[in-house]
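**Q**
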Amino acid sequence: DFCLSRGLGDVYKRQMEMTEEEQFETQFKKPDGEEEETGIFEMDLSVALTPSLKMNVIMDPSAGDKITATGSGAMRLNYNTFNDNVELFGRYSINDGSYRFTFQDIIIRDFKIKEGSSISFNGDAMKGILDLTAGYRVNTNLSDLDKSFATDRDLNRSSVPVEALLKVTGELQHPDLAFDIALPTVTGDVERKVRSIVSSEEMMQQQVLYLLALNRFYTPQFSGTSDGELVSMASVSYTHLRAHETGRNL
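1 is the number of the first residue of the sequence shown in my numbering; add one for each residue after it.
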């Protein structure tokens with residue numbers, strides 16, 4: 001495993017048939033009888049990561065958000081004892097993996113990372129640049145979003161697969177989260193109608209969080225009915241998510 005953890009006790013670990021310590025000792029250990037020299041030591045390693053190695057990136061240790069992925073990339077790691085500094089260079093292209101997303105101890109979901117996502121490093125490993133898209137699929141009824149979908153002639157049935165999309169960009173320590181949805185089985189007209197209803201960033205985040213929590217859409221027109229409590233949850237989710245992101249970035 002190649003593990004990258006944010007915060008105190010950051011760990012860089014890559015386990016192979018021979019550990020890095022064993023490789024180091026094999027290459028650099030003084031023969032028996034020779035004295036060890038003191039001074040500054042610098043190590044510069046070029047590593048070709050392959051899908052046989054798993055990368056773990058701990059985004060938020062307290063909440064449990066993390067990336068687990070396999071992929072490939074040519075990486076260079078530099079370390080020196082003068083300032084105990086570790087630098088990482090290269091681009092890690094993700095072939096497969098998951099992003100564990102948590103929200104207020106209410107939602108814990110493992111999103112499947114889409115191929116083509118990547119993490120790029122240009123020195124400080126904690127300032128790696130994320131470019132990830134991940135999806136979580138549910139089956140839900142579009143008539144929960146708008147009752148007219150129940151009689152829409154472009155739909156064979158109103159219950160369809162919907163993929164909640166999570167887009168993660170920016171630095172590892174300060175990631176930006178954005179949400180979207182994909183409707184892989186509906187016509188273009190139906191998708192345009194859905195997007196005309198879910199027409200703002202705030203509405204999109206509310207709808208996606210609702211899908212993740214309850215496997216269904218909500219519509220504001222339901223307030224005042226038996227769904228009022230659920231609508232209340234969705235209506236405050238945008239503010240809470242912003243606070244969640246702010247707290248994550250501190």
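Ideal Cβ positions, reconstructed from N, Cα and C, are used throughout, including at glycine.
1) Given Thr185, which residues of its chain have a CB within under 8 Å of its CB, disregarding the five upstream and five downstream residues?
2) Rounded C-beta distance between Asp65 and Thr102? I'm assuming under 8 Å.
3) What residue does the beta strand (DSSP E) around Leu45 start on, and which one ends it?
4) Using a 10 Å radius around the Cβ and a threshold of 16 neighbouring Cβ atoms, would you call Thr140 buried or exposed?
5) Please determine, among Gly128, Ala134, Tyr218, the residue with the shortest C-alpha to C-alpha distance to Glu115.
6) Round the Cβ separation of Tyr99 and Leu166 to the nearest angstrom and send it over; I've been treating them as touching at under 8 Å.
7) Report yes or no: do the segment 198-214 and the segment 168-188 share at least 3 C-beta pairs separated by less than 8 Å?
8) By DSSP's criteria, Pro175 is part of a beta bridge. Which residues make up the other side?
9) Could you give the DSSP three-state label for Thr251: helix, strand or coil?
10) Indicate the three-state DSSP secondary structure (helix, strand or coil) for Phe24 in the structure shown.
11) By the DSSP assignment, the alpha helix (DSSP H) with Met204 in it spans what residues?
12) If you measure from the CB of Phe103, is any heavy atom of the ligand GDP nearer than 8 Å?
13) Less than 9 Å between the C-beta atoms of Asp131 and Tyr218, yes or no?
14) Answer yes or no: do Ser72 and Ser93 have a C-beta to C-beta separation smaller than 9 Å?
15) To the nearest angstrom, how far is the alpha carbon of Val47 from that of Asn122?
16) For Ile94, list the residues DSSP reports as bridge partners.
**A** On the basis of the supplied data:
1) Val160, Pro161
2) 6 Å
3) 42-49
4) buried
5) Ala134
6) 6 Å
7) yes
8) Gly170
9) Only positions 1 to 250 of the chain appear in this structure, which leaves residue 251 out of reach.
10) Confidence at Phe24 is low in this model, with a pLDDT of 48, below 50, so its placement is unreliable and the value that follows should be read with caution. Three-state DSSP puts Phe24 in a helix.
11) 201-214
12) In the structure on display, the ligand GDP does not appear, and there are no ligands present to speak of.
13) no
14) yes
15) 15 Å
16) Gly71
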